[in-house]
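Undergrad: Anchor point for the first sequence: position 137 equals 137 in the working numbering, and the numbering is continuous, going up by one each time. For every residue, glycine included, the Cβ atom is placed at its ideal position computed from N, Cα and C. All values derive from a computational prediction rather than experimental measurement.
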Amino acid sequence: MPSFKAVQGTRDILPDLAPAWQVVETVVRETCERYGYQRIETPIFEETGVYARSVGAGTDIVEKEMYTFKDRGDTSLTLEPEGTAGVVRAYLEHGMFTQPQPVKLYYVRAPIFRYERPQKGRYREHHQFGCEALGESDPALDAELIALLWEIYQRLGARDIVIQLNSIGDQNCRPAYIQRLVDYYTPLKDDLCDDCKVRLVKNPLRLLDCKEPQDQPKIAAAPKSADYLCAACAAHFAAVRGYLDALALPYAINPLLVRGLDYYTRTVFELAPEQAGRRQSAIGGGGRYDGLAELLGGKPTPGIGFGSGMERAIELLREQGVPLPDPARPQVFIAALGAEAKTAAVTLAQQLRATDLRVQMAFGERSLKAQMRAANGSGARWAVLIGSGELANAAYAVRDLAAPADAPDDAKQQTIARDVLVAWLREHT
RNA sequence: GUGACCGUAGCUCAGUAGGCAGAGCACCAGAUUGUGGCUCUGGAUGUCGCGGGUUCGAGCCCCGUCGGUCACCCCA
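Below, the structure written as structure tokens:
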């Protein structure tokens with residue numbers, strides 16, 4: 001009886017699923033690099049201020065979801081609750097603003113920690129891949145980034161993915177819009193659901209996100225951010241849409257799309273499967289964050305990025321029946337009888353592996369029957385049998401484990417001279 | 001943080017009215033000398049999530065707790 005279990009909301013990735021992870025990682029790497037993004041890896045924890053200052057003090061993430069602790073030097077540290085802040089911190093710290101702009105960075109398989117009640121598609125540790133492009137405000141960069149995220153899912157084989165798009169303005173026009181939203185909602189206050197009464201004070205943008213039926217008519221009639229953009233933001237939004245149209249990407253404007261992190265400006269977007277109860281269904285989201293670098297002590301630096309959940313991505317592929325690779329099987333399995341034969345097996349295995357074959361051998365002192373069972377179960381195509389006779393003749397028995405069960409024995413098995421065995425197996429796998 | 005359902009072997013689960021802890025799969029071994037798949041035979045494996053209570057007796061009833069699943073909140 002084991003004494004420990006994986007802690008709540010964390011999961012082991014066992015060998016049966018590891019190849020699926022490998023596929024996602026490979027597609028992300030190759031696609032990002034084709035778009036000119038370079039890999040970056042940041043630590044999985046930062047000083048708490050990195051997240052508290054950027055994500056926003058009033059957000060759920062900072063208020064109640066961060067894994068924050070003091071280290072032995074009494075420094076407050078926080079396990080990464082989202083991917084962007086650490087990358088921006090690294091950009092500033094390493095003076096990447098001196099490089100040609102934009103600086104385009106991606107990360108794969110970054111562990112993300114949030115203290116939430118686990119449920120389908122939501123874990124206390126999950127992993128994200130993501131991209132960040134810093135130092136450029138051109139709307140073409142927004143479109144390229146969205147196209148990149150879209151292409152990753154296309155290459156993975158996901159179907160029926162839609163992009164939702166909105167603009168929430170910037171430091172110039174958003175405060176006025178939020179005031180307008182508050183003015184609209186304040187007379188309706190007594191009629192709002194309890195959550196929305198809190199939102200009205202704490203985070204008015206989220207009023208638009210309410211799912212309570214009683215509030216839907218109010219949402220429908222509420223002022224929408226895209227209608228109150230300043231001239232610069234409106235032009236930016238129009239340009240992003242124009243590029244997305246030119247790329248023929250399947251996006252839809254969702255005037256109710258607001259995101260949970262305070263640092264977003266202008267463009268915000270989410271990717272989700274088309275029909276999906278819309279619960280924990282978003283597989284990626286992001287937006288522009290032109291004020292974030294300043295919050296972290298840098299010069300004003302525009303930026304845009306996204307994060308995408310790998311557990312959700314893999315689950316989506318499974319649900320959609322996208323074939324994912326099985327764990328790698330050995331190609332050759334070596335069985336040996338006796339101490340001398342085992343030495344021959346060990347050395348043969350190494351010779352075969354040196355030619356890039358996947359090779360397993362039987363361990364322990366088990367009967368040949370048991371070793372053959374293991375060979376069969378391993379999925380290997382060929383079994384090599386080594387016993388006293390084979391040693392004496394310097395020729396090993398090679399058995400075709402893929403032959404039909406009713407094939408005659410001499411069709412399944414042959415004897416190959418030890419000198420040519422490596423080349424023979426190389427030839428026949 | 002809120003709510004619902006669920007915790008029995010490695011996995012999927014059964015367990016009658018409260019009366020000796022079970023099946024299938026998987027694993028291990030055997031079915032005449034050194035040969036897999038199909039079949040047959042045998043074997044090992046459990047704090048019945050944990051703690052308390054009721055009872056002559058609890059996997060089963062009661063309370064608590066921890067965990068899982070799902071939904072809300074929020075998010076990837």
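1) Between His-127 and Glu-311, is the Cβ-Cβ spacing less than 8 Å?
2) Count the other CB atoms within 10 Å of the CB of Glu-390; is the residue buried (16 or more) or exposed (fewer)?
3) With DSSP as the reference, identify every bridge partner of Val-162, one or two as the case may be.
4) Contact check, Lys-224 vs Pro-250 under 8 Å by CB: the rounded distance?
5) Go ahead and pull the three-state DSSP assignment for Leu-205.
6) Among Ala-407, Arg-117 and Tyr-289, which residue has its Cα nearest to the Cα of Ala-133?
7) Only counting runs of 4 or more residues, tell me where the alpha helix (DSSP H) segments fall wholly within the stretch 96-156, in order along the chain.
8) Is the CB-CB distance between Ala-383 and Arg-399 below 8 Å?
9) Taking one C-beta from the stretch 321-340 and one from the stretch 20-39 each time, how about it: are there three or more such pairs within less than 8 Å?
10) How many Å lie between Val-162 and Leu-271 at the Cα?
11) Within 8 Å, do at least three Cβ pairs link the stretch 165-183 to the stretch 259-271?
12) According to DSSP, simplified to helix, strand and coil, what is Asp-400?
13) Measure the CB-CB distance between Ala-293 and Gly-303 and report whether it falls below 8 Å.
14) Could you have a look at Ser-76 and say whether DSSP puts it in helix, strand or coil?
15) Helix, strand or coil for Phe-69 per DSSP?
16) Thinking Ile-112 and Glu-82 are a contact (beta carbons under 8 Å), I'd like their distance in whole angstroms, please.
17) Using the Cα positions of Leu-257 and Met-96, report the straight-line distance between them to the nearest angstrom.
18) Alpha carbon to alpha carbon, how far is Glu-340 from Val-420?
19) Grab the span of the alpha helix (DSSP H) containing Glu-294 for me, first residue to last.
20) Tell me which residue opens and which closes the alpha helix (DSSP H) that Arg-418 is part of.
21) What residue does the alpha helix (DSSP H) around Gly-49 start on, and which one ends it?
22) Under 8 Å by Cβ, that's how I've got Thr-31 and Leu-148 pegged, so tell me the actual separation to the nearest angstrom.
23) Check each candidate in Arg-180, Ile-13, Gln-214 and Tyr-106 and name the one with the smallest Cα separation from Leu-145.
24) Taking Ala-426 and Leu-357 to be in contact with their CB atoms under 8 Å, please state how far apart those CB atoms are, rounded to whole angstroms.
25) Give every residue of the same chain whose Cβ lies closer than 6 Å to the Cβ of Ala-85, excluding the five residues on either side of it in the sequence, and list them in chain order.
26) Measure the Cβ-Cβ separation of Ala-248 and Arg-329 and say whether it is below 8 Å.
27) Which residues bound the alpha helix (DSSP H) around Ala-90?
28) Roughly how many angstroms lie between the CA atoms of Arg-114 and Glu-33, to the nearest whole one?
29) Output the boundary residues of the alpha helix (DSSP H) element that contains Ala-234.
30) Please state whether the Cβ-Cβ distance between Ile-386 and Val-359 is less than 8 Å.
31) Going by DSSP, what residue range makes up the alpha helix (DSSP H) through Arg-312?
32) Just tell me which of Val-87, Phe-45 and Thr-26 has its CA closest to the CA of Ser-76.
33) Am I right that Arg-155 and Val-240 are in contact with their C-beta atoms under 8 Å? What's the rounded C-beta distance?
34) What residues in its chain sit with their C-beta under 8 Å from that of Glu-47, if we drop five residues either side in the sequence?
35) Can you give the Cα-Cα distance for Ala-140 and Gly-242, rounded to whole angstroms?
36) Mark Lys-299 as exposed unless 16 or more other C-beta atoms lie within 10 angstroms of its C-beta, in which case mark it buried.
TA: In this structure, then:
1) The answer is yes: Cβ separation under 8 Å.
2) Taking every protein chain shown into account, the CB of Glu-390 has 16 or more other CB atoms within 10 angstroms, so this residue is buried.
3) According to DSSP, which records beta bridges pairwise, Val-162 is partnered with Ala-272.
4) No, Lys-224 and Pro-250 are not in contact; Cβ-Cβ is about 21 Å, not under 8 Å.
5) Residue state, collapsed to three classes: helix.
6) Tyr-289
7) 139-156
8) For Ala-383 and Arg-399, yes; Cβs fall inside 8 Å.
9) Of all C-beta pairs linking the stretch 321-340 to the stretch 20-39, three or more are shorter than 8 Å, placing the two stretches in contact.
10) 6 Å
11) Below 8 Å, enough C-beta pairs join the stretch 259-271 and the stretch 165-183 to call them touching: three or more.
12) strand
13) yes
14) In the structure shown, Ser-76 sits in a strand (DSSP, three-state: E or B).
15) DSSP places Phe-69 within a strand segment (E or B) once states are collapsed to three.
16) 6 Å
17) Distance between the alpha carbons of Leu-257 and Met-96: 32 Å.
18) 20 Å
19) 292-295
20) 418-427
21) Where Gly-49 is concerned, the enclosing alpha helix (DSSP H) stretches over 48-55.
22) 6 Å
23) Tyr-106
24) Note on identity: in this sequence residue 426 is Arg, with Ala being the wrong assignment. With 8 Å as the limit, Arg-426 and Leu-357 qualify as a contact, their Cβ atoms being about 7 Å apart.
25) Within the same chain, Ala-85 has close Cβ partners Val-50, Tyr-51 and Ser-54.
26) Not a contact, by the Cβ cut-off of 8 Å.
27) For Ala-90, the enclosing alpha helix (DSSP H) has its first and last residue at 84-93.
28) 29 Å
29) Secondary structure note for Ala-234: its alpha helix (DSSP H) is the uninterrupted segment 231-246.
30) no
31) Where Arg-312 is concerned, the enclosing alpha helix (DSSP H) starts and stops at 310-319.
32) Phe-45
33) That pair is no contact at about 23 Å.
34) Apart from sequence neighbours up to five positions away, the residues of its chain that approach Glu-47 with a beta-carbon distance below 8 Å are Thr-75, Ser-76, Leu-77 and Thr-78, ordered along the chain.
35) 9 Å
36) exposed
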